[in-house]
Structures are given as structure tokens and as C-alpha cells.
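Protein sequences, first through last, are from chains A and B. Counting from 1, position 102 in the first sequence corresponds to residue 102 in our numbering; the numbering is continuous, with no gaps. Counting from 1, position 14 in the second sequence corresponds to residue 14 in our numbering; the numbering is continuous, with no gaps. Below is one structure; the comments refer to it alone.
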Amino acid sequence: MISAILIILSITAFIGLVLGYASIKLKTDGDPIIDKIDNILPQTQCGQCGYPGCKPYATAIANGEADINQCPPGGDDGVHKLADLLGVEYKPLNAEHGVTKPKSIAIIDESTCIGCTLCIQACPVDAIIGAAKQMHTIVEKECTGCELCLPPCPVDCIDMVEIPETTDNWKWKYPIHSIKQQN
Amino acid sequence: MTEYLLIIISVVFVNNIVLTKILGLCPFMGVSKKLDTSISMSAATAFVLTIGSITSWLINYFLLVPYNLEYLRTISFIVVIAAVVQFTEMVMEKNYPYLYRVLGIFLPLITTNCAVLGIPLLNAQLSHNLLEAAIFGLGGALGFSFVLILFASLREKFEGANTPQAMKGSAIAMLTAGLMSLSFMGFIGLDRL
């Protein structure tokens with residue numbers, strides 16, 4: 001009895017020690033540059049850049065497969081930051097990927113919604129709740145304003161509503177410096 | 001040498017863990033929709049089963065048998081296999097990122113799989129020595145991979161086949177698994193373990 005307890009205890013204690021030590025010793029932080037790029041991107045997961053989400057786009061930038069000017073929701077500001085981070089020249093947003101719009105969220109007109117669940121499947125961040133033949137609604141806190149739910153809706157009951165600036169979400173505008181001309 | 005070959009043949013065909021011993025059915029049904037994933041899964045299983053058989057044999061032989069604690073096999077095997085897999089996963093993530101990306105999520109998935117626990121328990125029951133245990137584990141994984149890849153290829157064919165409405169999807173998969181199991185029963189008599 002005692003030996004059984006002792007043996008199980010010693011096995012688990014030994015394993016715990018080894019795993020604990022290994023988790024400190026073998027820590028990996030992923031690829032830091034991808035994470036840094038991903039932090040700059042707006043996390044709308046809208047796919048306007050041509051990649052399925054912000055992380056894949058960040059990976060593509062890091063591998064040199066994508067340009068830095070393909071993210072309309074990030075705006076000019078985002079391109080500047082990416083250029084700074086990667087040490088490359090700034091270039092204006094590529095219009096092929098869309099234009100920057102003011103930050104907005106989707107609102108479902110609940111009286112028109114037929115409960116088809118198509119928008120739920122399209123939402124990249126799971127911000128839409130509802131079930132088949134039940135009216136859907138959008139969790140405003142989660143909505144990134146990516147507009148991916150608009151095309152699948154068969155009754156056009158989703159509207160993009162601009163977020164008005166209130167005292168809660170107002171923040172200091174970034175100061176705009178003109179880049180010093182060399183020579 | 002022949003006996004090791006016999007162990008492999010017996011465990012791949014005659015005593016196949018999935019189709020004859022009916023172990024590890026969840027990955028067999030769950031990860032067999034696509035050939036690619038089933039191949040990754042097979043590789044991960046081969047890895048875990050071989051390592052798991054060896055470590056549990058060591059635990060069984062050096063800790064449990066000397067103190068007459070064979071009744072602790074199940075619990076200690078689970079703990080040890082889970083820990084070893086976790087540890088190798090960490091080492092792999094650090095040193096072999098490519099391998100880690102291929103096997104990725106499958107490693108923790110199969111840690112507590114019944115096939116992975118079943119093979120070490122069978123090893124203990126059949127009182128194999130260390131090398132036999134390792135080969136039995138590897139053979140079990142080969143058998144698992146063989147059957148899983150066959151099944152995944154069949155299921156990919158079904159996607160395009162004209163199956164009756166009521167039999168689509170899981171229903172036809174279950175039937176196929178049953179038929180495969182029946183056909184593997186045909187190997188009984190080829191060799192006895």
C-alpha cells in the first residue's frame with residue numbers, strides 16, 4: 001500500500017519536475033517578426049489583402065510574399081508603421097484591395113432577418129449569434145467591421161453603421177510628422 | 001529475427017489494433033475524411049506508440065513488477081505516456097519546427113487514445129522484452145496507419161460515388177469499417193500470437 005503510493009507519487013513528481021523544467025528551458029516564442037507585424041494589423045480578419053486573415057497576411061509579409069500596402073482597414077497609418085518596422089520604403093495603399101473606411105460595425109435589421117445562418121458561417125470572428133430560422137444578432141463588441149457578412153445575406157438585412165466618436169472611444173490622434181527630406 | 005518479423009506481421013494483419021482488437025476507433029472514424037490528415041495522424045501515432053511502448057515497458061519492468069504493483073499499470077502508463085509525449089512535443093517545437101508543423105495538433109490528440117494505452121497494456125500482458133515491446137508498438141502503429149490510410153482513401157472515393165441519400169456520410173463509413181473488419185478477420189489462422 002505504502003509502496004504503491006510512494007511509487008505513484010515519485011513517478012508523478014519526477015514527471016512534474018522534468019516537464020516544468022522543460023517548459024522553462026525549451027520555451028519558444030514563435031517567430032517574433034510575424035507576431036510584431038500581426039500586432040500592427042487591425043485584426044479585422046476581413047481578407048481584403050487576399051489572405052484568409054491577419055495572421056496569414058503577417059506571415060506572408062514576413063516571408064516577403066506580400067507587400068505592406070494591402071490592408072485598407074489599417075489605413076495609411078498602418079502602412080507607415082509596417083514600413084518603420086520592416087525598414088522599407090512607405091508606399092500608398094494599393095487601391096486594388098479596397099479603400100479605407102471609417103471604423104464601423106454591422107447591425108442586423110432583426111425584423112427582416114429570416115434566420116438563414118449564412119452570415120454566421122461567413123463571420124471570421126464568430127460575432128454573430130443565432131440559429132436556423134431564429135433571428136440573428138451581432139455581438140457589437142466582437143464585430144470588426146469586415147463586411148464579410150454582407151454578400152451572403154439573401155435579404156440584405158445587414159447594415160454597416162459607422163461608430164460615432166464618443167468620450168468613451170475617443171483617443172489622441174497620432175501626430176503627423178512630415179518625413180524629413182534627405183538632401 | 002524471424003520472431004520480430006512475425007510480431008510485426010501478426011500485429012499488422014492478424015491482430016490489427018483497429019479492425020480486430022477494436023481499439024483506437026475515434027481517430028479511425030474522425031481523421032479519415034482526408035488522405036493528407038490521415039497520413040499525418042499515422043506518422044504521429046507511429047511516433048507516440050513506439051515511444052509509449054518503450055517507456056511503459058521500463059516503468060512496468062523496473063518499478064511495478066519488483067513491488068508487485070501490476071494493478072497500477074493503467075494509471076501509471078497513462079501518466080507516463082502523456083508526459084513523454086508532452087516532453088517530446090516541446091523538444092520538437094524547439095528543435096524541429098518543420099516536423100512540429102506536420103505532426104502539430106495530432107500529437108496531443110492521440111496521447112490519451114485507447115490504442116496508445118492498449119498496446120503497452122498488451123505488452124505487459126504478453127510479457128514481451130524491451131525490444132519485442134518496441135517492435136510490437138511500432139507494428140501496432142504500422143497496422144493502424146495501414147488501415148487508416150486505406151480507409152481514408154476509400155472515404156475519399158465515396159465523396160464522388162453515387163451513394164443512396166440515407167447512406168451518405170457516416171453511415172456508409174461505418175458499414176465500410178465493418179466490412180473491412182470482416183475481411184481482416186480472414187487473416188486469423190495466418191499466425192497466432
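For each residue, glycine too, the CB sits at the ideal point set by N, CA and C.
For residue i, verify whether its CB is less than 7 Å away from any heavy atom of the ligand ADP.
i, result
"A/Q43", "Judged by which ligands are present, the structure shown has none, so any question about the ligand ADP falls away."
Only counting the same chain, and skipping five residues up and downstream in sequence, which positions put a Cβ closer than 8 Å to that of residue i?
i, result
"B/L193", "Confidence in B/L193 is poor, its pLDDT being 49 and thus under 50, which makes the residue's placement too unreliable to answer from."
"A/C117", "Reading the sequence as shown, one finds Thr at residue 117 of chain A and not Cys. Excluding residues within five positions, the ones whose Cβ falls inside 8 Å are G130, A131, A132 and H136."
"B/T88", "F47, I51 and L107"
"B/L130", "I54, W57, L58 and Y61"
Grouping DSSP H, G and I as helix and E and B as strand, with all else coil, what is residue i?
i, result
"B/L193", "Note that B/L193 scores 49 on pLDDT, short of 50, meaning its location in the model is unreliable and no value can be drawn from it."
"B/M174", "helix"
"B/I22", "coil"
"A/I138", "strand"
"B/M1", "coil"
"B/I105", "coil"
"A/M160", "strand"
"A/I2", "helix"
"B/A161", "coil"
"A/I61", "helix"
"A/D76", "helix"
"B/E156", "helix"
Here's a check: name, in chain order, each residue in its chain whose Cβ is nearer than 7 Å to the Cβ of residue i, leaving out the five neighbours to either side.
i, result
"A/P152", "L118, C119 and A122"
"B/L19", "V147, M180, S181 and F184"
"B/E70", "L64"
"B/M92", "L99 and Y100"
"A/Y90", "V79, H80 and A83"
Would you please state the rounded distance, in angstroms, between the beta carbons of residue i and residue j? I believe it to be under 8 Å.
i, j, result
"A/D126", "A/E142", "7 Å"
"B/G195", "B/I17", "The requested residue 195 of chain B is not part of the displayed model; chain B covers only 1 to 193."
"B/F136", "B/N123", "6 Å"
"A/H97", "A/Q45", "Their Cβ separation, rounded to whole angstroms, is 14 Å, which puts A/H97 and A/Q45 out of contact at 8 Å."
"A/P37", "A/I61", "At residue 37 of chain A the sequence reads Ile, which differs from the Pro that was named. So it is a contact: roughly 5 Å between Cβ atoms."
"B/S53", "B/A134", "6 Å"
"A/I33", "A/G78", "16 Å between Cβ atoms; not a contact."
"B/G118", "B/L23", "4 Å"
"A/K103", "A/G145", "6 Å"
Quick one: list the residues of chain C neighbouring residue i, beta-carbon separation under 9 Å, in chain order.
i, result
"A/I8", "Absence of chain C from the displayed structure is noted, the protein chains being A and B."
Skipping 5 residues on each side, what residues in its chain have a beta carbon closer than 6 Å to that of residue i?
i, result
"A/E140", "I105"
"B/L190", "V14"
"A/N94", "N69 and Q70"
Can you check DSSP and say which residues form a bridge with residue i?
i, result
"A/S104", "A/E162"
"A/I128", "A/I138"
Can you confirm whether the stretch 59-75 of chain B touches the stretch 179-192 of chain B when touching is taken to mean that 3 or more C-beta pairs between the two stretches lie within less than 8 Å? When Cβ pairs closer than 8 Å are counted between the two stretches, the stretch 179-192 of chain B is seen not to touch the stretch 59-75 of chain B, the count staying below three.
Could you check whether the stretch 106-117 of chain A touches the stretch 76-87 of chain A, counting it as contact only if at least three pairs of C-beta atoms, one from each stretch, sit closer than 8 Å? Contact check between the stretch 106-117 of chain A and the stretch 76-87 of chain A: fewer than three CB pairs, one atom from each, fall below 8 Å, which does not count as touching.
Between the stretch 102-115 of chain B and the stretch 75-86 of chain B, are three or more C-beta pairs nearer than 8 Å? By the C-beta criterion, the stretch 102-115 of chain B is judged to be in contact with the stretch 75-86 of chain B, since at least 3 inter-stretch pairs fall below 8 Å.
Looking at C-beta atoms only, is the number of pairs between the stretch 134-154 of chain B and the stretch 31-48 of chain B that lie closer than 8 Å three or more? Yes, the stretch 134-154 of chain B is in contact with the stretch 31-48 of chain B.
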